[in-house]
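Q:
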Amino acid sequence: MVSVVAIVGVCEVERRRYARRLATAHRWPLVEALRSVPRARLADGIETAVGGRGGDVAVFNAAGRWDAAELIGALGRSGANGTAGKDDGGARLAQLVAVVDVAHFFDDLADDAGAAEGATTRAERLVETIEFATTVVLVNWEPLSTPDLSMQLALINHLNPRARIRVDQPAASLELELGEVSRDQDGAGWMTIINRDFAPYMTDRRVSGLLYEQVRPFHAGRLAAALDGDIGHGRYGHLVRSAGFCALASRPGVLAKWSQVGGVVGLEPLPGPADGGGVLAIGQALGLIGLDLDAEGTTGALDACALTDAELAEGPLAWMTYQDPLPEWGIGVRMRGGD
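In this note's numbering, the protein residues as written are 11 to 349.
As structure tokens, then:
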């Protein structure tokens with residue numbers, strides 16, 4: 011079996027450069043992309059590429075072909091008890107390293123091209139690589155001031171409190187502890203906030219996380235106005251990442267996955283109707299992460315989007331007639347601040 015150190019990141023040049031340095035330093039074979047290999051055959055493809063030598067370690071430059079979630083699905087350990095499951099053999103994911111170019115970090119977070127067509131944006135890919143990573147390596151950090159570097163380190167740690175974070179240095183950033191990456195990834199910052207298990211080890215006065223809960227569904231018209239107005243314009247701080255679960259009164263019986271990165275909010279219906287009595291029993295549960303966040307102001311702005319007592323009393327048939335300017339499921343809602 012081959013232990014795989016997979017390298018991901020949105021900057022192709024920096025990702026490839028780090029992958030080559032890592033492979034050279036440890037004398038591990040470097041496998042590039044395997045673009046034509048289907049996901050179900052990726053483990054075997056990597057093992058074949060390194061010559062089938064059991065027990066070897068290989069560096070895999072995922073390139074643009076494989077995202078972090080796909081790599082974990084194809085190479086991650088299955089089973090909560092640590093057993094290999096049906097995918098025993100081939101190759102196993104030992105480290106998932108996200109290479110982040112901090113010199114362009116906020117530019118990448120603002121890159122939402124393709125959101126209107128429902129495509130995955132560069133900003134979303136960036137955040138996903140961080141949230142799924144076991145190790146995050148920051149490159150091009152030297153020009154940053156100490157306060158800016160502190161802020162970015164804390165922000166990345168808030169996005170993934172369980173990842174090991176390192177700044178790229180000649181030798182230190184090349185030392186990795188190999189283990190087994192589980193498919194049951196639950197370390198994303200927003201998820202740990204919702205689960206009340208949020209414990210980042212890097213802090214900065216500008217960076218914070220916030221749990222928002224509300225048992226009442228959102229009025230879609232007021233939510234759209236808030237995203238296009240005060241929240242989107244940054245009145246309550248710079249909302250970098252928010253995700254969780256929400257319900258829209260005008261679309262009753264549907265629990266949706268909320269996923270926001272930068273200036274775009276995506277809403278996707280979850281399979282099946284909401285359990286436990288519908289949207290009234292579910293409402294909203296969102297983990298929010300950002301810079302200079304006004305927790306009270308953000309909470310108040312979102313609370314104002316929830317149904318009032320009078321609206322709640324009208325019931326689902328009336329709710330379905332409410333203004334709903336939000337796009338259809340799967341199309342990103344562009345916040346004004348993301349223009």
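Heads up, the beta-carbon is just placed ideally off N, CA and C, and yes, glycines get one too.
Note that the coordinates shown come from a computational prediction; the quantities given were computed from them, not determined experimentally.
Please identify the residue among Asp313, Arg215, Thr318, Gln294 whose C-alpha is closest to the C-alpha of Gly300.
A: Arg215
Q: Which of the three DSSP states, helix, strand or coil, is assigned to Leu303?
A: coil
Q: Determine the contact status of Ala43 and Val107, defining contact as a CB-CB distance below 8 Å.
A: no
Q: For the beta strand (DSSP E) that contains Glu42, what are its first and last residues?
A: Its beta strand (DSSP E) spans residues 40-42.
Q: What would DSSP say about Pro316, mapped onto helix, strand or coil?
A: Note that residue 316 is Ala in the sequence shown, not Pro. It is a strand residue.
Q: Going by Cα to Cα distance, which pick from Arg37, Arg26, Pro39, Ala72 is closest to Val47?
A: Distances from the CA of Val47 to each of Arg37, Arg26, Pro39, Ala72 were compared; the closest alpha carbon is that of Ala72.
Q: For the alpha helix (DSSP H) holding Asp77, just list the boundary residues, first then last.
A: Per DSSP, Asp77 belongs to no alpha helix (DSSP H) and is neither H nor E.
Q: Expressed to the nearest angstrom, what Euclidean distance is found between the alpha-carbon atoms of Gln4 and Gly263?
A: The structure shown does not extend to residue 4, since the chain is modelled only from 11 through 349, so no value can be given for it.
Q: With DSSP as the reference, label Asn71 as helix, strand or coil.
A: Three-state DSSP puts Asn71 in a strand.
Q: Hey, Val250 and Asp118 are a contact pair by Cβ (cut 8 Å); roughly how many whole angstroms apart?
A: Actually they are not in contact, since the Cβ atoms of Val250 and Asp118 sit about 12 Å apart, beyond 8 Å.
Q: What does the Cβ neighbour count give for Asp111, buried or exposed, with the cut at 16 atoms within 10 Å?
A: buried
Q: Skipping 5 residues on each side, what residues in its chain have a beta carbon closer than 7 Å to that of Trp200?
A: Counting only residues of its own chain and dropping the five nearest sequence neighbours on each side, Trp200 has a CB closer than 7 Å to the CB of Arg251, Ser252, Ala253, Gly254, Gly297, Ile299.
Q: I'd like to know if the segment 202-212 and the segment 154-171 are in contact, where contact means that at least 3 CB-CB pairs between them fall below 8 Å.
A: yes
Q: Less than 8 Å between C-beta atoms, sequence neighbours within five positions excluded: which residues of the same chain meet that for Arg45?
A: If we look at Arg45 and ignore the five residues flanking it on each side, its Cβ neighbours are Ala73, Arg75.
Q: Given a cut-off of 8 Å on the beta-carbon distance, is the pair Val275 and Leu237 in contact?
A: yes
Q: CB-CB under 7 Å to Leu220, same chain, minus the five flanking residues each way: which ones, in chain order?
A: Correct list, in chain order: Leu298, Leu303, Ala305, Thr308.
Q: Can you list the beta strand (DSSP E) stretches of 3 or more residues lying completely in the segment 225-287, in chain order?
A: 248-256, 266-271, 274-279
Q: Excluding five sequence neighbours on each side, which residues of the same chain lie with their C-beta closer than 6 Å to the C-beta of Asp240?
A: Closer than 6 Å at the Cβ level, and outside the excluded window around Asp240, lie Ala311.
Q: Can you give the Cα-Cα distance for Leu52 and Gly86, rounded to whole angstroms?
A: 11 Å
Q: So Gly273 packs on Ala120, CB below 8 Å; how close in whole Å?
A: Indeed, because the Cβ distance is near 7 Å, the residues count as touching under 8 Å.
Q: Which whole-angstrom value describes the C-beta separation of Ile82 and Arg193, a residue pair presumed to lie in contact below a C-beta threshold of 8 Å?
A: 6 Å
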